[in-house]
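Start counting the sequence shown at 482; every next residue gets the next number (my numbering). See structure below.
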Amino acid sequence: MNNTVLSLWPELEWINDPQLREKTARVWEIALERSVLTAEDLSHIPFTLLCGPDLKVTFMDHKRSVVHIARAAGETVNGMYHGELPVNMDVLISGAILADVGKMLEYELDASGKAVQGKYGKYLRHPFSGVSLAEECGLPPEVCHIIATHAGEGNLVKRTTEAFIVHHADFMTFLPFKERLVV
Ligand SMILES: [Fe+2]
């Protein structure tokens, strides 16, 4: 496993199946090779531009928090629902780590060197490009499904339990930045 990817994503260690762990890491590796963004950038850029450039929550803070929240939710459901809603933790964690990997391909550098959404990203938002990268690395369909359905596009299809958890972990930590009630 590439050290850059492992230092970006210590949560890879939570995937028990060594093959799935390796493939999940490989997707990030090829995405970074093809991106205008570096691993270093991801630990500095704010995760959303909606709150201005001074937001302290970085891209990686947000992406990693989604994995932590999804894991806690999955463990709670597995522990308290008597097996009625089984959550495959390996699939959940791999999918949560990969949900936004396609964003690496959404950006281009503009004339001033700033990362902006490029033509490829306009045609193929990250749920699509993420699936493409993941299939290239041999990720199973249950993980690709989480990537495909984690955002608004996924509202048009039926989600697995794991995909529901990742979708909500992502949106519950994004929407309040965008539109929370402040009194
Ligand atoms: Fe996303």
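For glycine and all other residues, C-beta sits at the position ideal for the given N, C-alpha and C.
Check: Exposure label - ARG502; buried when at least 16 CB within 10 Å; Outcome: buried
Check: Per DSSP, cross-strand counterpart(s) of GLU589; Outcome: VAL597
Check: Residues bridged to PRO621 [DSSP beta-bridge criterion]; Outcome: None; PRO621 has no bridge partner.
Check: THR519 versus MET541, GLN500, LEU531, residue with shortest Cα-Cα distance; Outcome: MET541
Check: Those residues which DSSP pairs with THR539 across a bridge; Outcome: PRO527
Check: Within the stretch 534–582, ranges of the alpha helix (DSSP H) (whole runs, at least 4 residues); Outcome: 540–561, 570–579
Check: Residue burial classification, HIS626 (beta-carbon count within 10 angstroms, cutoff 16); Outcome: buried
Check: Residue environment, ARG515, which counts as buried when at least 16 other CB atoms sit within 10 Å; Outcome: exposed
Check: heavy atom of ligand 1 below 6 Å from ALA632 C-beta; Outcome: yes
Check: Check whether VAL486 and GLU510 have beta carbons under 7 Å apart; Outcome: yes
Check: Beta-carbon gap between THR654 and SER546 smaller than 7 Å; Outcome: yes
Check: Nearest to ASP498 (by Cα), restricted to the options MET561, THR642, GLN598, LEU620; Outcome: LEU620
Check: Own chain partners of SER613 with C-beta closer than 8 Å, once the 5 adjacent residues on each side are dropped; Outcome: GLY583, LEU605
Check: Spatially closest choice to ILE628 from LEU637, LEU489, GLY611, by CA coordinates; Outcome: GLY611
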